[in-house]
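**Q** Under this note's numbering, the residues of the sequence shown are numbered 268 to 584, in order.
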Amino acid sequence: MAVIENSKLTVVGAGSVGSSVAYAALIRGSARHVALYDIAAPKVEAEVLDLAHGTQFTGSSDIGGGSDLSVVEGSHVVVITAGAKQHPGQTRLELAGTNARIMRSMMPQLLEAAPDAIYVIVTNPCDVLTVLAQEQTGLAPEQIFASGTVLDTSRLRWKLAERAGVATSSVHAYIVGEHGDTEFPLWSKATIGSVPILDWVTPRGDRMSAEELDQIAVDVRDAAYKVIQGKGATNYAIGLSSARIVEAILRDEHAVMPVSTVLHDFHGVDRVALSVPSVVSASGASPIRETQFDHQERELLHRSGTALREVADSLRA
Ligand SMILES: NC(=O)c1ccc[n+]([C@@H]2O[C@H](COP(=O)([O-])OP(=O)(O)OC[C@H]3O[C@@H](n4cnc5c(N)ncnc54)[C@H](O)[C@@H]3O)[C@@H](O)[C@H]2O)c1
268 MAVIENSKLT VVGAGSVGSS VAYAALIRGS ARHVALYDIA APKVEAEVLD
318 LAHGTQFTGS SDIGGGSDLS VVEGSHVVVI TAGAKQHPGQ TRLELAGTNA
368 RIMRSMMPQL LEAAPDAIYV IVTNPCDVLT VLAQEQTGLA PEQIFASGTV
418 LDTSRLRWKL AERAGVATSS VHAYIVGEHG DTEFPLWSKA TIGSVPILDW
468 VTPRGDRMSA EELDQIAVDV RDAAYKVIQG KGATNYAIGL SSARIVEAIL
518 RDEHAVMPVS TVLHDFHGVD RVALSVPSVV SASGASPIRE TQFDHQEREL
568 LHRSGTALRE VADSLRA
């Protein structure tokens with residue numbers, strides 16, 4: 268495997284999410300060098316110091332950073348978390364205008380510093396920002412994509428694993444579509460081990476019904492609202508999922524993950540970024556065209572696409 272030697276990850280934005288991505292990456296050893304960049308100098312300097320003070324315990328990774336764009340130079344992966352976050356009750360799409368402006372001004376500077384990096388967009392609404400940034404920069408869709416529903420899929424697998432009485436890694440199920448209110452699970456192909464999900468007998472001796480699965484999907488969709496209501500932000504799970512995406516890139520893993528790339532004629536969806544199972548490697552992310560959707564799932568994919576296209580169009584206008 269073409270593992271990148273001396274790999275460098277830069278996290279842009281040192282708020283709750285960015286500092287958690289850096290923390291997770293340090294603890295997991297996701298990259299040899301981790302850098303944190305933010306325009307708020309005192310904040311980023313303090314986060315870097317706090318993280319650096321723990322590096323005795325984090326293996327061979329190191330941490331640096333600050334408010335000068337030179338921090339980004341030499342990055343193999345840039346994870347973007349800069350921008351406004353949801354307030355309690357606010358949808359991700361309501362952040363679109365503010366964060367699109369921030370992204371538009373930031374992307375040329377980042378690209379100048381790290382033209383060959385793979386860009387992973389976490390800032391919300393991540394799907395809309397991905398299509399706008401891909402168009403603005405002209406980067407190949409493989410090179411610039413969003414963390415998408417990797418986090419939502421982890422939330423889903425955690426809930427199903429608990430109910431099924433198996434390890435999370437033995438649940439094979441995906442949330443796809445928008446990272447947001449129109450996301451949905453690919454139930455038609457979901458399995459526990461190799462057993463179709465509706466056939467699995469749980470430790471209680473019963474099987475999960477279609478209604479119960481639908482409720483789990485609603486809980487997953489609304490999970491972020493619940494966390495934001497209680498603590499003002501979601502940060503740990505997105506930190507871990509972003510670090511995992513970074514590893515798949517830097518280790519050239521060809522791992523299958525539901526990241527969000529700009530799709531072209533994907534089951535009839537065009538020029539909109541949506542999460543579908545994709546192969547993530549040192550070249551970036553490629554959607555898996557052979558992914559099967561039943562009739563209803565295909566309709567839901569198109570519904571996600573239509574919702575996001577409307578928001579992106581309003582921002583282009
Ligand atoms: N995609 C996901 O799964 C997911 C999950 C959680 C949060 N998020 C999103 O991540 C984003 C960040 O959330 P947060 O809780 O860390 O917010 P935060 O307010 O804690 O941090 C945002 C940081 O961005 C910085 N920033 C703003 N403009 C900048 C610029 N031009 N250049 C560099 N830095 C800049 C700010 O100084 C601040 O430190 C939000 O948009 C949030 O919705 C996405």
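For every residue, glycine included, the Cβ atom is placed at its ideal position computed from N, Cα and C.
Note that the structure is predicted; figures quoted are calculated from it, not measured.
(1) To the nearest angstrom, report how far apart ALA477 and SER414 are at their CA atoms.
(2) State the start and end residues of the unbroken alpha helix (DSSP H) segment that holds SER509.
(3) Look at the Cβ atom of VAL578, then the Cβ atom of PRO408, and state whether they are nearer than 8 Å.
(4) Specify the secondary structure class of PHE324 as computed by DSSP and reduced to three states.
(5) Assuming VAL311 and ALA292 form a contact by the criterion Cβ under 8 Å, report the distance between their Cβ atoms to the nearest whole angstrom.
(6) Are there 16 or more other CB atoms within 10 angstroms of the CB of GLU450, so buried, or fewer, so exposed?
(7) Out of GLY333, ALA289, ALA298, SER327, state which residue places its alpha-carbon closest to the alpha-carbon of PRO309.
(8) If you draw a straight line from the C-alpha of HIS562 to the C-alpha of VAL547, how long is it?
(9) Could you tell me which of ILE330, GLY326, ASP305, ALA307 sits nearest to ASP317, measuring between CA atoms?
(10) With a threshold of 7 Å, establish whether the CB of VAL389 neighbours any heavy atom of ligand 3.
(11) Could you check whether the Cβ of GLU566 sits closer than 8 Å to any Cβ belonging to chain B?
(12) What first and last residue would you give for the beta strand (DSSP E) that runs through VAL547?
(13) Quick check on the DSSP output: the beta strand (DSSP E) that includes LEU396 runs from which residue to which?
(14) Give a single yes or no on whether LEU362 has its beta carbon closer than 7 Å to a heavy atom of ligand 1.
(15) Near ARG488, which residues of its chain fall below 7 Å by C-beta distance, leaving aside the five closest residues on each side in sequence?
(16) What do you get for GLY535, buried or exposed, if any count of 16 or more other CB atoms within 10 angstroms of its CB means buried?
(17) With a threshold of 7 Å (Cβ to nearest heavy atom), would GLN353 be considered close to ligand 1?
(18) How many angstroms separate the CA atom of SER553 from the CA atom of LEU575?
(19) Would you report the Cα separation of GLY499 and HIS354, rounded to the nearest angstrom?
(20) Can GLU314 and SER286 be called in contact, C-beta distance under 8 Å?
(21) Kindly give me the distance between the Cβ atoms of ALA289 and VAL301, rounded to whole angstroms, as I take these residues to be in contact under 8 Å.
(22) What is the rounded straight-line gap between the Cα of ARG474 and the Cα of SER455?
(23) Between the Cα of GLY551 and the Cα atoms of MET370, GLU520, PHE533, which residue gives the shortest distance?
**A** Quick look at the numbers:
(1) So the alpha carbons of these two residues sit roughly 28 Å apart.
(2) 503-517
(3) no
(4) helix
(5) About 16 Å separates the two Cβ atoms, so there is no contact after all.
(6) buried
(7) GLY333
(8) 27 Å
(9) ILE330
(10) Although ligand 3 was asked about, the structure shown includes only ligand 1 as ligands.
(11) Considering every chain present, this structure includes no chain B. It has just one protein chain.
(12) According to the DSSP assignment, VAL547 belongs to the beta strand (DSSP E) that extends over 545-548.
(13) Bounds of any beta strand (DSSP E) do not take in LEU396; it lies within the alpha helix (DSSP H) bounded by 393-404.
(14) yes
(15) ASP448, GLU450
(16) exposed
(17) yes
(18) 20 Å
(19) 7 Å
(20) yes
(21) 5 Å
(22) Spanning the two alpha carbons is a distance of roughly 16 Å.
(23) If we check each option's Cα against that of GLY551, GLU520 comes out closest.
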